[in-house]
Amino acid sequence: MIKKIFIISLFSINSIFSQSGQVFYEAISKKFPETNENKADAYITELENSKILLELKFNKTTSYFAKTNLNKSDDYNFGEEALSILIGYEELFYSLKEKSLYLNSDEILVKKPSNHNWNISSESKKIDNYLCYKATCTESYTARDGKTKERVITAWFCPELPYSFGPLEFNGLPGLILELEKNGNKVVAKSIVLSNKEIELKIPNKKTITKEQYDKKIKENAQF
Amino acid sequence: MQKMIFSAVALVAFSFAGMANEIEEKNNKIVVITTDCFSAAHDYLNRIDPNNELSDLEGARIMNAYIAGCEKAKIKSAD
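Chain order of the listed sequences is H and A. Quick note: to get my numbering, add 270 to the position in the first sequence (first position is 1). Quick note: to get my numbering, add 243 to the position in the second sequence (first position is 1).
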């Protein structure tokens, strides 16, 4: 553990050189095994083959996470939409100082705290030549059957890139998150660009509500 | 006798005329196939999440997304 902290501190010196950065991620669906009861059909195959391109921009204080323009299509793609939901995609701003996330939704901002209890392990692997360490956190939620369950989120972060940002709503590790796994689906960094120039990222000035108020609105607007 | 023959011919002629209209109407009938998008969405959700590991909100959003795609497909096929 002490060795880990020393290594992380050593690589933190890099932070004085790069002010901003941009990471392109790709979201990939898990595979659904075919069983006698559940025959694969076109919709499941479409989901398995779906990929979404995502982008994280960050500077010293703020990050912004969204789908890239490359995904935009005039036709409705259910596979991509389903994958977005399964990975928990939201267009997000993150304030490092406030440790708060801001979900950018139409005319409103949804504010929620970002406080993940990460467990950092010594398990490591290389992602695109960057040495990354494994961290996990758990989140409690109400499942479809009404039971309270816990799911494990796995993140691989790189201390060599000492920016406490990451894809989706996950951040707060002593290094940039380059890979994330949630519900068996993965979000993997494909390219990283660091810059000495500051990327300007402003949290929009809109009406702000809490996550609880937002979730209630979603459920009320469901068709069933 | 001639009157009988004339009546029979007239009767047959009018019958054919009536049937012709029926045939025309049958050919113009539109056959509508309805898809129960809600049931299909429910079935899909159970297939991708057989162990109820998704949250209630995720499940609701998947259902909404499936129904939206299903309704769009119905409109497209009707055009």
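Using N, Cα and C, we set each Cβ at its ideal position, and we do this for glycine too. All of these numbers come straight from a predicted model, not from anything done at the bench.
Rounded separation between residue i and residue j - CA only
{"i": "residue 296(H)", "j": "residue 285(A)", "result": "28 Å"}
{"i": "residue 332(H)", "j": "residue 367(H)", "result": "8 Å"}
{"i": "residue 475(H)", "j": "residue 420(H)", "result": "34 Å"}
{"i": "residue 389(H)", "j": "residue 318(A)", "result": "50 Å"}
{"i": "residue 480(H)", "j": "residue 311(H)", "result": "38 Å"}
{"i": "residue 460(H)", "j": "residue 281(A)", "result": "37 Å"}
{"i": "residue 445(H)", "j": "residue 298(A)", "result": "29 Å"}
{"i": "residue 417(H)", "j": "residue 468(H)", "result": "46 Å"}
{"i": "residue 381(H)", "j": "residue 365(H)", "result": "11 Å"}
{"i": "residue 329(H)", "j": "residue 283(A)", "result": "45 Å"}
{"i": "residue 295(A)", "j": "residue 288(H)", "result": "44 Å"}
{"i": "residue 391(H)", "j": "residue 407(H)", "result": "11 Å"}
{"i": "residue 483(H)", "j": "residue 356(H)", "result": "21 Å"}
{"i": "residue 374(H)", "j": "residue 347(H)", "result": "22 Å"}
{"i": "residue 320(H)", "j": "residue 413(H)", "result": "24 Å"}
CB-CB length for residue i against residue j, believed under 8 Å
{"i": "residue 354(H)", "j": "residue 322(H)", "result": "6 Å"}
{"i": "residue 477(H)", "j": "residue 393(H)", "result": "Not really, about 43 Å apart at Cβ, beyond 8 Å."}
{"i": "residue 462(H)", "j": "residue 293(H)", "result": "5 Å"}
Below-7 Å beta-carbon distance, residue i vs any chain A residue
{"i": "residue 352(H)", "result": "yes"}
{"i": "residue 413(H)", "result": "yes"}
{"i": "residue 440(H)", "result": "no"}
{"i": "residue 334(H)", "result": "no"}
{"i": "residue 348(H)", "result": "yes"}
{"i": "residue 313(H)", "result": "yes"}
C-beta neighbour in chain H for residue i, strict 7 Å
{"i": "residue 295(A)", "result": "yes"}
{"i": "residue 305(A)", "result": "yes"}
{"i": "residue 268(A)", "result": "With a pLDDT of 49 at residue 268(A), under the threshold of 50, the predicted position of this residue should be treated as unreliable, though the coordinate-derived value follows. No, no contact with chain H."}
{"i": "residue 279(A)", "result": "no"}
{"i": "residue 254(A)", "result": "no"}
{"i": "residue 316(A)", "result": "no"}
{"i": "residue 282(A)", "result": "no"}
{"i": "residue 286(A)", "result": "no"}
Close-in-space but distant-in-sequence residues of the same chain around residue i (CB under 8 Å, 5 per side omitted)
{"i": "residue 312(A)", "result": "none"}
{"i": "residue 369(H)", "result": "383, 384, 385 and 442"}
{"i": "residue 302(A)", "result": "288 and 292"}
Close-in-space but distant-in-sequence residues of the same chain around residue i (CB under 7 Å, 5 per side omitted)
{"i": "residue 317(H)", "result": "299, 349, 352 and 353"}
Close-in-space but distant-in-sequence residues of the same chain around residue i (CB under 6 Å, 5 per side omitted)
{"i": "residue 464(H)", "result": "288 and 291"}
- Message: Below 8 Å, how does it come out for the segment 440-454 of chain H and the segment 413-427 of chain H: are there three or more Cβ pairs, yes or no?
- Response: yes
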